[in-house]
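The letter at position 145 of the sequence shown is residue 163 when you use our numbering, and the numbering goes up by one with no holes.
For glycine and all other residues, C-beta sits at the position ideal for the given N, C-alpha and C.
Bear in mind that the values here come from a model prediction, so they are computed numbers and not experimental data.
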Amino acid sequence: MAIEKTLILVKPDGMKRKLSGIVVDRLDNAGFDMVASKIVSVSEELAREHYALLKDMPFFPNLIQFIKGDFHGVSDRRVLAMVYKGENAVKGIRAVVGATNPEQAAPGTIRGSFGRICQGNFENVVHASGNVEEADREIKIWFKPEEVVG
Ligand code: UDP
Ligand code: MG
């Protein structure tokens, strides 16, 4: 079993709907440890860097606007960024988060409980790194080394 770190974001839809506490509760209850957290107002540059691997997807422009909070009010451009740590944390937290499409996410997962599709866009509440390489890349984008404990 490997001890891993992974990046979780409560996206602007989750922040607007006051779901940050529920997300933290679910992750804590799954047995993982929060080792970094902060509120970030997402710039165009940060959004593009975070989603760089998806730059050729048809939904990329919408994705950038979404994570910046363009669809959830200009005065409410907040994302809660966190790092969680634990045994097999990347896969384990993806299981707590659920499938990308909220309508296909299993009941009881975060996305299955709270995600929705709004005007064709997935409003799936959270981001969680997809694999260990993505996690390492993403944690470096969102956090300075000294902001992550342990
Ligand atoms: N996304 C979308 N439509 C799609 C696939 C993805 O709007 O058909 C969005 C969705 O917000 C998703 C994000 O793009 O969370 C990143 O896509 P990815 O395939 O990495 O899914 P995730 O890792 O978030 O489950
Ligand atoms: Mg992904």
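_Cα-Cα separation, leucine 98 to arginine 134_ = So the two alpha carbons sit approximately 19 Å from each other.
*asked:* Between which two residues does the beta strand (DSSP E) holding alanine 169 run?
replied: Outside the shown range of the chain (19 to 168) lies residue 169, about which nothing can therefore be said.
*Any idea what DSSP makes of asparagine 149, helix, strand or coil?*
Three-state result, asparagine 149: coil.
_Under 8 Å between C-beta atoms of lysine 34 and glycine 104_ = Going by C-beta atoms, lysine 34 is not nearer than 8 Å to glycine 104.
*asked:* Could you check whether the stretch 23-33 touches the stretch 104-115, counting it as contact only if at least three pairs of C-beta atoms, one from each stretch, sit closer than 8 Å?
replied: Of all C-beta pairs linking the stretch 23-33 to the stretch 104-115, three or more are shorter than 8 Å, placing the two stretches in contact.
_Where threonine 118 falls, given that 16 or more other Cβ within 10 Å makes a residue buried_ = Threonine 118 is exposed by the Cβ-count criterion.
*Please classify glutamate 121: does DSSP put it in a helix, a strand, or coil?*
Three-state result, glutamate 121: coil.
*asked:* Let me check understanding here. Comparing Cα to Cα, which of Ala124, Gly148, Glu62 lies closest to aspartate 88?
replied: Nearest of Ala124, Gly148, Glu62 to aspartate 88, Cα basis: Glu62.
*Is any heavy atom in ligand 1 found nearer than 7 Å to the beta carbon of histidine 145?*
Here the distance from the Cβ of histidine 145 to the nearest heavy atom of ligand 1 is below 7 Å.
*How many angstroms separate the CA atom of lysine 56 from the CA atom of methionine 100?*
Between the C-alpha atoms of lysine 56 and methionine 100 there is a straight-line separation of about 7 Å.
_Which of the three DSSP states is assigned to methionine 33 in this structure?_
It is helical.
*Determine, using beta carbons only, whether arginine 44 and isoleucine 157 come nearer to each other than 8 Å.*
Contact: no.
*Cα separation between glycine 32 and methionine 19?*
Spanning the two alpha carbons is a distance of roughly 31 Å.
*Compute the minimum distance between the beta carbon of glycine 148 and the heavy atoms of ligand 2, and state whether it is under 7 Å.*
Glycine 148 Cβ: within cutoff of ligand 2.
*What separation, rounded to the nearest whole angstrom, lies between the Cα atoms of valine 28 and alanine 65?*
Cα to Cα, the separation comes out at about 14 Å.
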